[in-house]
Amino acid sequence: KAGVTQTPRYLIKTRGQQVTLSCSPISGHRSVSWYQQTPGQGLQFLFEYFSETQRNKGNFPGRFSGRQFSNSRSEMNVSTLELGDSALYLCASSSGQGTGELFFGEGSRLTVL
Amino acid sequence: AQSVTQPDIHITVSEGASLELRCNYSYGATPYLFWYVQSPGQGLQLLLKYFSGDTLVQGIKGFEAEFKRSQSSFNLRKPSVHWSDAAEYFCAVGAPNDYKLSFGAGTTVTVRA
Chain E
32 KAGVTQTPRY LIKTRGQQVT LSCSPISGHR SVSWYQQTPG QGLQFLFEYF
82 SETQRNKGNF PGRFSGRQFS NSRSEMNVST LELGDSALYL CASSSGQGTG
132 ELFFGEGSRL TVL
Chain L
683 AQSVTQPDIH ITVSEGASLE LRCNYSYGAT PYLFWYVQSP GQGLQLLLKY
733 FSGDTLVQGI KGFEAEFKRS QSSFNLRKPS VHWSDAAEYF CAVGAPNDYK
783 LSFGAGTTVT VRA
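From first to last, the protein sequence lines stand for chains E and L.
Position one of the first sequence corresponds to residue 32 (this note's numbering), numbered consecutively onward.
Position one of the second sequence corresponds to residue 683 (this note's numbering), numbered consecutively onward.
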């Protein structure tokens, strides 16, 4: 059974640009969550989607957005990039039944110059 | 809102020695508790979880954790560490139907020969 797949694995952007990250969950999982990991702030919850609906979101500015497609794949977008957005962005999938265990991808490492 | 404290930022242990990582949580009701491990450049892998029932939980790779409600703790233990256990360990707490996890800051484990 394939795990959670995130693309791209690495990317470099400059301030002011925007970026889109993609996540394919484990087959059969309908929930996708996104987390930002930085050395200073640790792991912070961005948002969670289930059946194309956002069920919860973290305390991030509106520049961070996401969506989920009918096949459960998810994308997150960050607009008007800032230096502080440099981070490892982790996607996790789960069955979506309540707050269950999360299965994480290897992450997309974003560097903003 | 739930939160997690991992008091130890870094622990060094000799190969073959026992390991205990501390985790204290804050949540009003019975929480969902998790321990994850992250190797450099990788995503997070679930070691074990506690939802209810037996307070001593067995996980993968020889790890176990004990839920102590009176102390609001969920400490992770391993009787004999291997060099491959060197990694960063994260404790996380979730609430039913909250669809997100709150992570501690992590504990980095170094294993010396």
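Ideal Cβ placement from N, Cα and C applies to all residues, glycine included.
This one's a predicted model, so the numbers in the text were calculated from it and none came from an experiment.
Under the three-state reduction of DSSP output, Q753(L) falls in the helix class. Straight through space, the alpha carbons of V793(L) and V695(L) are spaced by roughly 5 Å.
When C-alpha distances from L729(L) are compared across H692(L), K760(L), P778(L), S685(L), the shortest belongs to K760(L). Residue ranges of uninterrupted beta strand (DSSP E) with 3 or more members, entirely inside the stretch 703-773 of chain L and ordered along the chain, are 706-708, 714-720, 726-732, 738-740, 746-750, 755-760. At least one C-beta of chain L is nearer than 7 Å to the C-beta of L74(E). Interface residue (Cβ-Cβ distance to chain L less than 7 Å): L121(E) is classified as such.
Under a 10 Å Cβ-count criterion, G131(E) is classified as buried, with 16 or more other Cβ atoms of the shown protein chains found around its own Cβ. The way I'd put it, the stretch 111-118 of chain E doesn't touch the stretch 758-774 of chain L; fewer than three beta-carbon pairs between them come closer than 8 Å.
Under the 7 Å criterion on CB atoms, Q684(L) is classed as non-interfacial with respect to chain E. Near chain L, meaning a CB-to-CB distance below 9 Å, no residue of the stretch 98-115 of chain E qualifies. Chain L has a Cβ within less than 7 Å of the Cβ of F135(E). Contact between V686(L) and Y714(L) does not hold, since their C-beta atoms are separated by about 12 Å, which reaches or exceeds 8 Å.
In the DSSP assignment, the residues bridged to R98(E) are E106(E).
Here the alpha carbon of Y781(L) sits roughly 20 Å from the alpha carbon of P92(E). For F76(E), the enclosing beta strand (DSSP E) covers residues 73-81.
The Cβ atoms of G97(E) and F76(E) lie no closer than 7 Å to each other. S125(E) places its beta carbon less than 7 Å from that of L133(E). Under the DSSP assignment, A118(E) falls in the beta strand (DSSP E) whose first and last residues are 118-125. Taking a Cβ-Cβ cut-off of 9 Å, the neighbours of S64(E) in chain L comprise Y781, K782, L783, given in sequence order.
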